[in-house]
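Data first, discussion second: the structure below is written as structure tokens.
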Amino acid sequence: MDEEYLVRRRSLFSLDRETWDTFAIRSGAAYTASYRWLVSRWLKGIGRKRVRLLEISLRRPQGDEKIAQCALESGAGEHSFVDGLQILPEYQQLWPEIMAAVLADVGAGRFRYGGTWNIEPPRHEEAAKIRGVTVGDARDFFIQLVELSRWPSWDRYWAKVSDSVRYESKYAPERVPGLRLVKYAGMKMLAALPSFASLQGSSYSRKGINFSQGRELARYAYYGLICADMKELILAHADAGVLAGFFGAQFGRDLFYIHGGQRAGNGGANWFLLKEMTRLAYDRDPNSRFVMGNFDPKVHDESAGGGLLRARKALRTSDVPTSMFTFTYAPAAR
30 MDEEYLVRRR SLFSLDRETW DTFAIRSGAA YTASYRWLVS RWLKGIGRKR
80 VRLLEISLRR PQGDEKIAQC ALESGAGEHS FVDGLQILPE YQQLWPEIMA
130 AVLADVGAGR FRYGGTWNIE PPRHEEAAKI RGVTVGDARD FFIQLVELSR
180 WPSWDRYWAK VSDSVRYESK YAPERVPGLR LVKYAGMKML AALPSFASLQ
230 GSSYSRKGIN FSQGRELARY AYYGLICADM KELILAHADA GVLAGFFGAQ
280 FGRDLFYIHG GQRAGNGGAN WFLLKEMTRL AYDRDPNSRF VMGNFDPKVH
330 DESAGGGLLR ARKALRTSDV PTSMFTFTYA PAAR
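Structure (structure tokens):
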């Protein structure tokens with residue numbers, strides 16, 4: 030007997046934030062699935078886009094059972110899934126059926142699925158099998174992350190990173206006078222953001238990448254304010270000034286490395302900082318994933334991104350395949 034699915038529409042501002050986030054975390058979603066992030070998207074899209082939330086349940090004689098949820102950002106004739114479908118682990122195999130139920134509720138249109146932090150398998154081949162769906166452009170790539178659960182302790186993990194990284198991080202406190210890490214939160218985070226943006230601008234300049242410090246600073250401040258309880262800003266200070274920085278987000282068990290920056294000739298302060306961030310992730314949850322970003326070998330530019338890629342591999346990242354794709358949905362006429 031086929032399962033019957035019930036799709037309920039929810040209002041962003043009548044929703045219980047903790048309930049939404051807890052479900053997203055159980056589903057293994059990224060921080061971009063969080064309630065605070067959705068609020069930030071709603072604010073940015075006022076007058077142009079709207080954010081709709083859907084909860085998907087299985088109909089049961091004893092009562093409906095919620096098994097999935099999702100958010101869509103709609104505007105300019107297109108619907109974009111924000112971090113994809115968030116499905117409980119025991120129901121992941123029902124992705125095509127759940128997607129079909131969502132599309133039947135939303136109706137015909139153009140859609141975009143997947144994201145740069147979306148940790149789930151490629152879905153475009155499954156989507157193509159749904160009646161009424163025509164897949165357009167599809168991009169396969171990888172999310173690079175450290176699966177800390179692979180090691181029985183943080184010390185055992187750190188023993189497996191590259192020799193050069195362990196050396197640089199170990200001796201940085203001896204080589205860099207006054208080296209210390211400072212975490213910033215709330216209004217203090219806003220005050221420290223210019224120092225971080227300067228570090229990132231320095232890193233991009235060395236790679237020949239265009240960087241608008243003013244624009245990026247405004248973006249950091251915007252998301253830092255709205256998502257303050259998730260965002261993490263840690264700077265490596267020394268007698269010589271601020272040498273390296275980490276701007277990330279904690280969501281559930283996972284720590285996301287969103288942006289970083291460093292001064293040239295920092296004496297290993299950047300590796301000391303990353304060492305302590307992986308330790309922090311493990312201490313918070315030994316099953317944590319330290320998520321470092323994405324990698325697309327088809328568009329990789331070694332001159333701009335080679336150093337970053339080598340740094341991730343030195344920390345023993347795994348490549349988790351995923352995809353982003355567009356599609357149209359046209360339900361069959363009844």
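In my numbering, the protein residues as written are 30 to 363.
Where a beta carbon is used, it is the ideal one built from N, C-alpha and C, also for glycine.
Does the distance from the CB of Lys242 to the CB of Gly230 come in under 8 angstroms?
Against the sequence shown, residue 242 aligns to sequence position 213. Against the sequence shown, residue 230 aligns to sequence position 201. As written in the sequence, residue 242 is Gln, which differs from the Lys given in the question. Contact flag set, yes.
Using the DSSP secondary-structure output, state which residues sit across from Asn323 in a beta bridge.
Locating residue 323 in the sequence shown gives position 294, where the first residue counts as 1. Paired residues: Ile172.
Using C-beta distances below 8 angstroms, list every residue in its chain close to Leu219, excluding the 5 sequence neighbours before and after it, in chain order.
Here residue 219 is taken as the residue at index 190 of the sequence shown, counted from 1. Taking Leu219 as the centre and dropping the five residues before and after it, the same chain places the C-beta of Ala250, Gly253, Leu254 closer than 8 angstroms to its C-beta, in chain order.
Can the beta-carbon of Ala265 be found closer than 8 angstroms to that of Leu302?
As a first step, residue 265 must be located in the sequence shown, where it is residue number 236. As a first step, residue 302 must be located in the sequence shown, where it is residue number 273. Their beta carbons are under 8 angstroms apart, which means Ala265 touches Leu302 by this criterion.
When the Cβ atoms of the stretch 147 to 162 are set against those of the stretch 293 to 300, are three or more pairs found closer than 8 angstroms?
Touching, no.
Using beta-carbon positions only, say whether Val131 and Glu102 come within less than 8 angstroms of one another.
In the sequence shown, the residue the question calls residue 131 occupies position 102. In the sequence shown, the residue the question calls residue 102 occupies position 73. Cβ atoms of Val131 and Glu102: not closer than 8 angstroms.
Give me, in chain order, the residues of the same chain whose beta-carbon lies closer than 8 angstroms to that of Lys158; leave out the 5 immediate sequence neighbours on both sides.
Indexing the sequence shown from 1 puts residue 158 at position 129. Here the set comprises Pro125.
Specify, as a first and last residue, the run of the beta strand (DSSP E) that Val80 falls within.
Here residue 80 refers to the residue found at position 51 when the sequence shown is read from its first residue. Element bounds for Val80: 79 to 87.
Which one of Ile127, Ala340, Arg292 has the shortest CA to CA distance from Ser234?
Sequence index remark: in the sequence shown, residue 234 carries index 205 (1-based). Cα-wise, what sits closest to Ser234 is Arg292.
Please check the pair Phe356 and Phe140, which I expect to be a contact at CB under 8 angstroms, by giving their CB distance rounded to whole angstroms.
Locating residue 356 in the sequence shown gives position 327, where the first residue counts as 1. Locating residue 140 in the sequence shown gives position 111, where the first residue counts as 1. Between Phe140 and Phe356 the Cβ distance is about 5 angstroms, and since that is below 8 angstroms, they are a contact.
Which residue comes first and which comes last in the beta strand (DSSP E) that contains Ala273?
Within the sequence shown, the letter at position 244 stands for residue 273. Unbroken beta strand (DSSP E) run through Ala273: 270 to 280.
How long is the line joining the alpha carbons of Met259 and Val320, rounded to whole angstroms?
Walking along the sequence shown from the start, residue 259 turns up at place 230. Walking along the sequence shown from the start, residue 320 turns up at place 291. Looking at the two C-alpha atoms, the distance is approximately 14 angstroms.
Given this structure, state the Cα-to-Cα distance separating Leu114 from Leu177, to the nearest angstrom.
Translated into positions along the sequence shown, residue 114 becomes position 85. Translated into positions along the sequence shown, residue 177 becomes position 148. Leu114 and Leu177: Cα-Cα distance of roughly 25 angstroms.
Please determine if the stretch 56 to 72 and the stretch 84 to 96 are in contact, where contact requires at least 3 C-beta pairs separated by less than 8 angstroms.
Counting Cβ pairs under 8 angstroms, fewer than three are found: no touch.
For the stretch 102 to 157, which segments carrying the beta strand (DSSP E) assignment without a break, of at least 3 residues, lie completely within its bounds, in sequence order?
DSSP runs (the beta strand (DSSP E)) wholly in the stretch 102 to 157: 107 to 110, 138 to 142.
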